[in-house]
Structure formats: C-alpha cells, structure tokens
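Asks:
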Amino acid sequence: WFDRTIPQPKIYLWPVPSDPFVQMTIWYSRQIMDVGDLYGELEIPQRWYLAVVSMLAHQMSLELPGVDIGRTQYLEAQAEKYLNMAEQEERDKSPIYFAPNISVYSR
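Per my numbering, residue 5 is the first one in the sequence shown, and the count goes up by one each step.
1) Determine, using beta-carbon pairs with one atom in the region 73-88 and one in the region 52-63, whether at least three such pairs fall under 8 Å.
2) Exposed or buried, which one is A90 when buried takes at least 16 other CB atoms within 10 Å?
3) Give the straight-line distance between the Cα atoms of E45 and S22, rounded to the nearest whole angstrom.
4) Any heavy atom of the ligand COA inside 8 Å of the beta-carbon of H62?
5) Roughly how many whole angstroms lie between the Cα atoms of D96 and A103?
6) Please report how far the alpha carbon of P117 lies from the alpha carbon of E94, in whole angstroms.
7) Scan the region 46-77 and note each continuous alpha helix (DSSP H) run of 4 residues or more that stays entirely inside, going in chain order.
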C-alpha cells in the first residue's frame with residue numbers, strides 16, 4: 005500500500021517479506037520544485053549545480069547590455085564544460101554481473 009502523505013510518502017508491504025535479501029526496485033519521477041523567491045536553492049542534484057549556474061550566467065550575458073563578447077564566449081565554454089561533466093555523472097554506479105546461459109546452444 006502506498007501512502008501519499010506529504011512530505012514523506014511511505015510504502016507498506018503485506019505480507020512482510022521473510023527473506024532479508026529481497027529487493028524491491030522503484031522507478032519514480034517528480035517535478036523539480038520552483039525556487040519561489042530569490043533566496044531559495046534549486047532542487048537539483050549537486051552534480052548539476054555548476055552546469056545550471058554556468059548556463060544561466062551565459063544566457064544572462066546574452067541578455068544584458070554591455071557585456072563583453074569575450075566574457076560571453078568564456079561563459080559559453082564554461083557552461084559546455086560543466087554540462088559535459090554533469091552528463092558524464094548520469095550513470096548507474098551499482099555493481100553488476102552478467103552470466104549468460106548459453107548451455108542450450110552448446111550441448
């Protein structure tokens with residue numbers, strides 16, 4: 005049973021699993037919270053923080069008058085660098101082991 009109470013939803017299993025090594029995998033998605041005021045922080049993973057800040061700085065340099073083109077190009081390069089670093093961390097670091105069973109093909 006899934007209890008959707010806010011701020012901490014809970015899942016209750018019945019009957020309770022008897023094996024302590026039973027694993028339950030849950031995939032979920034939710035919307036990122038709006039900052040609201042200018043004092044709040046973005047609700048994003050820490051590895052994406054520099055990428056978002058750099059991309060925002062680059063976009064602001066395009067919008068604001070009087071920003072040197074060299075500064076804009078530098079900010080664009082920084083934004084690309086941090087975006088690539090953040091994208092490289094979007095991976096599953098869990099240990100994995102594949103053991104293919106090809107015995108039906110090699111009797």
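From the three backbone atoms N, C-alpha and C, an ideal C-beta is built for every residue, glycine too.
Replies: Inspection of the coordinates gives the following:
1) yes
2) Along the sequence shown, one-based indexing puts residue 90 at 86. Per the 10 Å Cβ criterion, buried.
3) Here the question's residue 45 lines up with position 41 in the sequence shown. Here the question's residue 22 lines up with position 18 in the sequence shown. If you draw a straight line from the Cα of E45 to the Cα of S22, it is about 42 Å long.
4) Ligands in the displayed structure: none, and consequently the ligand COA is not present.
5) Along the sequence shown, read from residue 1 onward, the residue named residue 96 stands at position 92. Along the sequence shown, read from residue 1 onward, the residue named residue 103 stands at position 99. In this structure, the CA atom of D96 is about 19 Å from the CA atom of A103.
6) Given that the chain is displayed from residue 5 to residue 111, the structure contains no residue 117 and the question cannot be resolved.
7) 53-67
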